[in-house]
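Just below is one structure, and these are the notes that go with it.
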Amino acid sequence: MKLIVFYAVLLSSCATLSRSNGDSDGGPLPCIAKLTPCLSSLRSPENPPDVICCILLKSGLVDDVSCLCSLFRNEDLIRIGFNITQQDLVGLPPRCGLASPDLNKCDHAISPNPSDLHPPPPVNEPPKGNQITL
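To convert, note that position 81 of the sequence shown is 80 in numbering that gives the first Met the number 0; the numbers rise steadily by one, no gaps.
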């Protein structure tokens, strides 16, 4: 049941982030969904990341750097959405045999400013216009 609630909150957050930035093709942080197979190893360092986690992470580090940079910089989203720390997230690539991400390169990546990302609206807020909320 907790896992279902987590995914519902995660999807709601992604939908809200997408609407708040006017992005119609998956939102500014689509890499969040790609990291869900990594959650067990992120939360429990003694659990090695599985192959799917590492493949998706490698793909994100190559193809979606700006998204991962936005995620790395948004400590509140990491803490609230995943219940992990920024250090947990940054430490994942080496556990997959990948190079540690250089967060200084994130300053040069094109990505939304984390301060522009807004938390999801309260559950009791009615939908605005023709937007569908989860």
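The C-beta atom is built at its ideal place from N, Cα and C for all residues, glycine as well.
Whole-angstrom distance between residue j and residue i, CA atom to CA atom
i, j, result
"residue 55", "residue 82", "20 Å"
"residue 44", "residue 103", "25 Å"
"residue 34", "residue 80", "12 Å"
Residue i and residue j closer than 8 Å at C-beta
i, j, result
"residue 105", "residue 72", "yes"
"residue 58", "residue 94", "no"
"residue 63", "residue 30", "yes"
"residue 100", "residue 60", "yes"
"residue 88", "residue 48", "no"
Same chain, Cβ closer than 7 Å to residue i, five either side skipped, listed in chain order
i, result
"residue 51", "36"
"residue 46", "39 and 40"
"residue 42", "82 and 83"
"residue 23", "Confidence at residue 23 is low in this model, with a pLDDT of 40, below 50, so the placement of that residue should be treated as unreliable; the coordinate-derived value is given next. Closer than 7 Å at Cβ, skipping near neighbours: no residue."
Beta-carbon proximity list for residue i, same chain, < 8 Å, skipping 5 on both sides
i, result
"residue 97", "53, 56, 57 and 60"
6 Å CB neighbourhood of residue i in its chain, flanking five on each side removed
i, result
"residue 85", "74 and 77"
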